[in-house]
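Residue numbers (my numbering): 976 to 1164.
Beta carbons are placed, not taken as given, at the ideal position from N, Cα and C, and that holds for glycine.
Everything numeric in this text was worked out from a predicted model, so none of it was measured.
The block underneath contains the structure these notes are about, expressed in structure tokens.
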Amino acid sequence: MANETVTINTSNATGFVAISPDPATVLTNDGEFAAPNLYLPTIYGGQTTSIDIGFNIVRPIMPEGNVSAPATSVTALYDFASKGINVSYVGNVVRLSGTYSSTFDGEYYQFVLNDGTLEALPPDTTEDFKALVRYEMPNPVTQNNQYAFSVTGTGETGNVTLQANIGQWIVWRYQTAVNNIGTLVPLGP
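Next up, the structure:
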């Protein structure tokens, strides 16, 4: 029976800011933190960040304890591009960089189009419109994303491939909505 696990370490983090309250630091009812070890720092939707994630395979060696070795191959299974995030690979390190899409469930910008119809469009729309007539704030204002990675490395009996699920909290930011509205309003004729 295989007893391997995956651990991560992060480095070269840029663009992250302190978020208060940070959902990753909240204690649950059983006294455990809401964010286990396989979590990336919390970010605001619409925030530009970059972070390197190193993956390791941990295997038991009895009676000495555990041995950790860098993964030999890592593949992102999550569609980061759909959220505006670029993925690049250097050995066992994955770099995630870009501006995380700020669209939350239930959040929308409603426009009157040139033909007089109403349509909900993203704030970076290229569609011609007469006016922005409504903004709807999301509910809830936090998202807990789970990013899956396929991780291969040396296990107890040779190479093993494991799935690592890494979480990240995304927090809606009031100021992003205000900035979007301030940019959109003057664009209507």
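Identify whether residue i lies in helix, strand or coil by the three-state DSSP scheme.
i	result
S998	According to the sequence shown, residue 998 is Pro rather than Ser. Here P998 sits in helix by DSSP.
A993	coil
P1113	coil
N1089	coil
K1157	Before going on, a small fix: residue 1157 reads as Gly here, not Lys. Three-state DSSP puts G1157 in a helix.
F1079	coil
Q1150	helix
Within 10 Å of its beta-carbon, does residue i have 16 or more other beta-carbons around it, so buried, or fewer, so exposed?
i	result
L1162	exposed
A988	exposed
V1065	exposed
N984	exposed
L1093	exposed
A1166	Residue numbering for the chain in the displayed model covers 976 to 1164; residue 1166 lies beyond these limits and cannot be assessed.
Does the distance from the CB of residue i to the CB of residue j come in under 7 angstroms?
i	j	result
V1126	V1049	yes
N1120	G1081	no
Y1036	T1017	The question names Tyr, but residue 1036 in the sequence shown is Ile. No, the pair does not count as a contact, with Cβ atoms beyond the cut-off.
T1047	G1128	yes
E1039	V1135	no
Y1083	E1111	yes
G1020	I1156	no
L1052	I1141	no
G1029	V1068	yes
F1055	T1024	no
W1147	V1116	yes
L1071	I1026	yes
K1058	S1076	yes
Per DSSP, which one or two residues make a beta bridge with residue i?
i	result
N984	G1029
A1123	N1140
I1097	Here residue 1097 is Pro; the residue named in the question, Ile, does not match the sequence. In the DSSP output, where bridge partners are listed per residue, P1097 has none listed.
G1163	Bridge partners of G1163: none, in fact.
T1129	N1134
Taking the beta strand (DSSP E) that residue i falls in, what are its first and last residues?
i	result
N1061	1060-1065
Q1143	1133-1146
T1074	1068-1074
N978	Careful: N978 lies outside any beta strand (DSSP E) and carries neither H nor E.
P1045	1040-1045
T1050	1048-1051
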